[in-house]
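Protein sequence lines correspond, in order, to chains Y and F. Sequential numbering from 1 applies to the first sequence in this note's numbering. Sequential numbering from 1001 applies to the second sequence in this note's numbering. Note that the Cβ used here is the ideal one computed from N, Cα and C, for glycine as well. Report on the structure given below.
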Amino acid sequence: MTNLIILPILIPLLTGAVLICLNKSIMAQRIVAVFSSIAAMTASFFIIKKVHADGVQALNMGSWDAPFGITLVSDMFSALLVFTTNIIAFVCLLYSFKSIGDQREKHYYYPVFFFLLVGVNGAFTTGDIFNLFVFFEVMLMSSYVLLVLGGTKIQLRESIKYLLVNVISSALFVIAVAYLYSVVGTLNMAHISERIDELSGNGMPGIITVIAVMFLIVFGLKGAIFPLFFWMPGSYYAPPAPVLALFGALLTKVGVYSITRTYTLFFYHDQEFTFQLLSILAILSIVVGVIGAIAYWDIKKIVIYNIIVAVGVILYGVSVMSPDSLTGSVYYLVHDMIIKAALFLLVGIMISITGTSNLNHFSGLIRRYPVLAWTFFVAALALAGIPPLSGFVGKLLIVKGGFEEQSFLGAAIVLMSSLLVLFSIMKIFINGFWGQQPADKGEVKAPIKWLLVSPVILVAISALFGINSEAFLPYISQAADTLLNPDIYIKAVLKE
Amino acid sequence: MKKTNNIILESAITLLLFFIVLFSVYIFTAGHYYPGGGFIGGLMTAGAIVLLLITYDIKTVQQILPVNYRIITAIGLLFAIGTSAGALFFDVPFLTHVFTHVDLPVLGDISLHTATLFDLGVYFVVVGVTMTIILTIGEDE
Chain Y
1 MTNLIILPIL IPLLTGAVLI CLNKSIMAQR IVAVFSSIAA MTASFFIIKK
51 VHADGVQALN MGSWDAPFGI TLVSDMFSAL LVFTTNIIAF VCLLYSFKSI
101 GDQREKHYYY PVFFFLLVGV NGAFTTGDIF NLFVFFEVML MSSYVLLVLG
151 GTKIQLRESI KYLLVNVISS ALFVIAVAYL YSVVGTLNMA HISERIDELS
201 GNGMPGIITV IAVMFLIVFG LKGAIFPLFF WMPGSYYAPP APVLALFGAL
251 LTKVGVYSIT RTYTLFFYHD QEFTFQLLSI LAILSIVVGV IGAIAYWDIK
301 KIVIYNIIVA VGVILYGVSV MSPDSLTGSV YYLVHDMIIK AALFLLVGIM
351 ISITGTSNLN HFSGLIRRYP VLAWTFFVAA LALAGIPPLS GFVGKLLIVK
401 GGFEEQSFLG AAIVLMSSLL VLFSIMKIFI NGFWGQQPAD KGEVKAPIKW
451 LLVSPVILVA ISALFGINSE AFLPYISQAA DTLLNPDIYI KAVLKE
Chain F
1001 MKKTNNIILE SAITLLLFFI VLFSVYIFTA GHYYPGGGFI GGLMTAGAIV
1051 LLLITYDIKT VQQILPVNYR IITAIGLLFA IGTSAGALFF DVPFLTHVFT
1101 HVDLPVLGDI SLHTATLFDL GVYFVVVGVT MTIILTIGED E
């Protein structure tokens, strides 16, 4: 089927439009949402199979040939991320049913939820740099709505900041694309790569390096790397748990994906400067993220700072740019999306039980909620990268790649960060779950059993992903292979 | 709100509204080969409705045009998606359009595009979104 790779974009778009009409009937919305989410998951699963069997898939929109029209490209890297995105979306959807509340459900929560997916899946799939900008905007528009929906005081305050930051970074994005276009004269990503390659006979020209740094700033703002993460701890603190899980698991990862894509496809010629910069920023992100995660006594904040650590680890692997480290990065990226979503959902359950996110104000949850406690424990171990869970394989490969490329300091910091991440997350476990159960405050209204289903699914996937890593590795290394050899990508798009 | 008795605006609009809407339809159909299309046509129609809003008030306009603009947006989206997804049934790349030339009695040689149907979706989305934004701000008194 020709149009297979557009289905993960098309299905949520269609669903969003249908759901606008159904906004009065919550039940109908839920049913349509679940079915379409399953359909999108199925489609993205078949894309992975197709890409694994036949290599990179390209689709020229409206039959306009590349590089003149807009092309969608699905290589293994993007196919894996699209599949993971759809799993997380499905699980967050289930969680939303019992936690998001009637008011939000009636006010277009579900349509916007699906428009966000259009943006995320589109950004992962597109093969056109301007189209990437468009999908970024679709994603951001939806995220503005999801962030402000509900209209509590903290949400309104944080939305303004979030909006300002993103409007500025979007403007910068367009400027960077314009610069790039004025130099290479094309927007098709494969074609850009080819043109930059022609220009870089003896080293990358200075202007391309400038553009590379501009892209790093733009995507770094979305992906929350070291000096540009300032907006995230505040903004992500505001929305309810399922939205937070979506943001934490997907939005920053789109930034990370874009950095990885542009740096491995366009700017790989002058590794001395651009990749050095990337690696320094990645290491600083790890350090700052770890400090934040240890310093705070607020469970949401702790997990949010752990996003910054993960972004640092992934980008460090990219900056080393060896087969092992790239495989590790792809693996860790998929792992981190799943486990961050699980952690945010678990944190959401804890907050709905205790009514607070401050660790000093509750303890002893394990007595009444053993399942919650043990799920959290497994998720924590996976996050820190304890074998045999999924964080381990990714980090191992990244560290191995780092040592092989003589980048000892970076690899050591990645290793050290695991310990501190474990400490930060165990702090939640020790203080929140162990200890004396405080005096009974009466029945908890939250439907804990239903809410627990979602994080349990995710943690199970994460465990499977780790224990059974042998089975997944061919797919992951195929993704890394395409990243390392831009020629594969270019050939598939331009059909030379 | 106190109703202002704006006789000039009220008499002008009875005449102008007709022309604005007609021109927006012309601009919409002129698209593809000449400047125009669904987006600008939609904006112009929305402009006509806004002019009505300025002359009268929200309640009166709601009586004249009893539509929910959010639903209009959704219908427009469905139109646009449906037209482009038609490509799925013919197994050609998404958004591929087809056209043909038809000889009509009075109008002469006319080329009919499936892209026009897509543009009709865009038209509805633009009218729906613009009016939703303006009404949301306008209701806020």
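Taking residue i and residue j to be in contact with their CB atoms under 8 Å, please state how far apart those CB atoms are, rounded to whole angstroms.
i: residue 115 of chain Y; j: residue 138 of chain Y; result: 6 Å
i: residue 169 of chain Y; j: residue 222 of chain Y; result: 7 Å
i: residue 1085 of chain F; j: residue 216 of chain Y; result: That belief does not hold up - the Cβ atoms of residue 1085 of chain F and residue 216 of chain Y are roughly 37 Å apart, past 8 Å.
i: residue 452 of chain Y; j: residue 354 of chain Y; result: Not really, about 15 Å apart at Cβ, beyond 8 Å.
i: residue 362 of chain Y; j: residue 432 of chain Y; result: 6 Å
i: residue 475 of chain Y; j: residue 48 of chain Y; result: 7 Å
i: residue 120 of chain Y; j: residue 250 of chain Y; result: 5 Å
i: residue 302 of chain Y; j: residue 424 of chain Y; result: 5 Å
Quick one: Cα of residue i to Cα of residue j, how far?
i: residue 428 of chain Y; j: residue 364 of chain Y; result: 11 Å
i: residue 189 of chain Y; j: residue 1033 of chain F; result: 29 Å
i: residue 95 of chain Y; j: residue 352 of chain Y; result: 13 Å
i: residue 65 of chain Y; j: residue 1135 of chain F; result: 42 Å
i: residue 346 of chain Y; j: residue 449 of chain Y; result: 12 Å
i: residue 369 of chain Y; j: residue 32 of chain Y; result: 32 Å
i: residue 112 of chain Y; j: residue 418 of chain Y; result: 36 Å
i: residue 172 of chain Y; j: residue 1028 of chain F; result: 33 Å
i: residue 477 of chain Y; j: residue 81 of chain Y; result: 14 Å
i: residue 409 of chain Y; j: residue 259 of chain Y; result: 22 Å
i: residue 1019 of chain F; j: residue 15 of chain Y; result: 37 Å
i: residue 17 of chain Y; j: residue 404 of chain Y; result: 51 Å
i: residue 270 of chain Y; j: residue 207 of chain Y; result: 12 Å
i: residue 2 of chain Y; j: residue 1051 of chain F; result: 47 Å
i: residue 1072 of chain F; j: residue 1124 of chain F; result: 6 Å
i: residue 460 of chain Y; j: residue 349 of chain Y; result: 18 Å
i: residue 1111 of chain F; j: residue 1104 of chain F; result: 10 Å
i: residue 1011 of chain F; j: residue 1057 of chain F; result: 16 Å
i: residue 1001 of chain F; j: residue 71 of chain Y; result: For residue 1001 of chain F, the predicted model reports a pLDDT of 49, less than 50, meaning its position is unreliable and no value from the coordinates is stated.
i: residue 42 of chain Y; j: residue 1064 of chain F; result: 46 Å
i: residue 187 of chain Y; j: residue 457 of chain Y; result: 40 Å
i: residue 401 of chain Y; j: residue 484 of chain Y; result: 14 Å
i: residue 4 of chain Y; j: residue 157 of chain Y; result: 41 Å
i: residue 69 of chain Y; j: residue 122 of chain Y; result: 16 Å
i: residue 1008 of chain F; j: residue 1053 of chain F; result: 15 Å
Quick one: what's residue i bridged to in DSSP?
i: residue 1110 of chain F; result: F/1102
i: residue 59 of chain Y; result: Y/72
i: residue 358 of chain Y; result: Y/298
i: residue 188 of chain Y; result: Y/128
Assuming contact is defined by CB atoms lying nearer than 8 Å, are residue i and residue j in contact in what I supplied?
i: residue 341 of chain Y; j: residue 88 of chain Y; result: yes
i: residue 1090 of chain F; j: residue 59 of chain Y; result: no
i: residue 1127 of chain F; j: residue 1080 of chain F; result: no
i: residue 8 of chain Y; j: residue 193 of chain Y; result: no
i: residue 179 of chain Y; j: residue 211 of chain Y; result: yes
i: residue 308 of chain Y; j: residue 219 of chain Y; result: no
i: residue 283 of chain Y; j: residue 257 of chain Y; result: no
i: residue 411 of chain Y; j: residue 344 of chain Y; result: no
i: residue 434 of chain Y; j: residue 359 of chain Y; result: no
i: residue 383 of chain Y; j: residue 339 of chain Y; result: yes
i: residue 213 of chain Y; j: residue 277 of chain Y; result: yes
i: residue 224 of chain Y; j: residue 327 of chain Y; result: no
i: residue 161 of chain Y; j: residue 234 of chain Y; result: yes
i: residue 1038 of chain F; j: residue 1031 of chain F; result: yes
i: residue 146 of chain Y; j: residue 239 of chain Y; result: yes
i: residue 1083 of chain F; j: residue 1118 of chain F; result: yes
i: residue 292 of chain Y; j: residue 335 of chain Y; result: no
i: residue 390 of chain Y; j: residue 289 of chain Y; result: no
**Study point:** Proximal residues, the region 1089–1120 of chain F versus chain Y, C-beta separation under 7 Å
**Key:** 1091, 1092, 1093, 1094, 1095, 1096, 1097
Exercise for review: Closer than 7 Å, Cβ to Cβ, to anything on chain F: give me those residues from the region 56–77 of chain Y, in chain order.
Suggested key: 59, 60, 61, 62, 63
Exercise for review: Anything in the region 1063–1077 of chain F with a Cβ closer than 9 Å to a Cβ of chain Y? List those residues in chain order, please.
Suggested key: 1070, 1071, 1073, 1074, 1075, 1076, 1077
Practice item. Return the residues of the region 4–17 of chain Y that lie within a Cβ-Cβ distance of less than 8 Å from chain F, sorted by chain order. Key: 6, 10, 13, 14, 16, 17
Exercise for review: Check distances from the C-beta atoms of the region 20–41 of chain Y to those of chain F and list, in chain order, the residues that come in under 7 Å.
Suggested key: 20, 21
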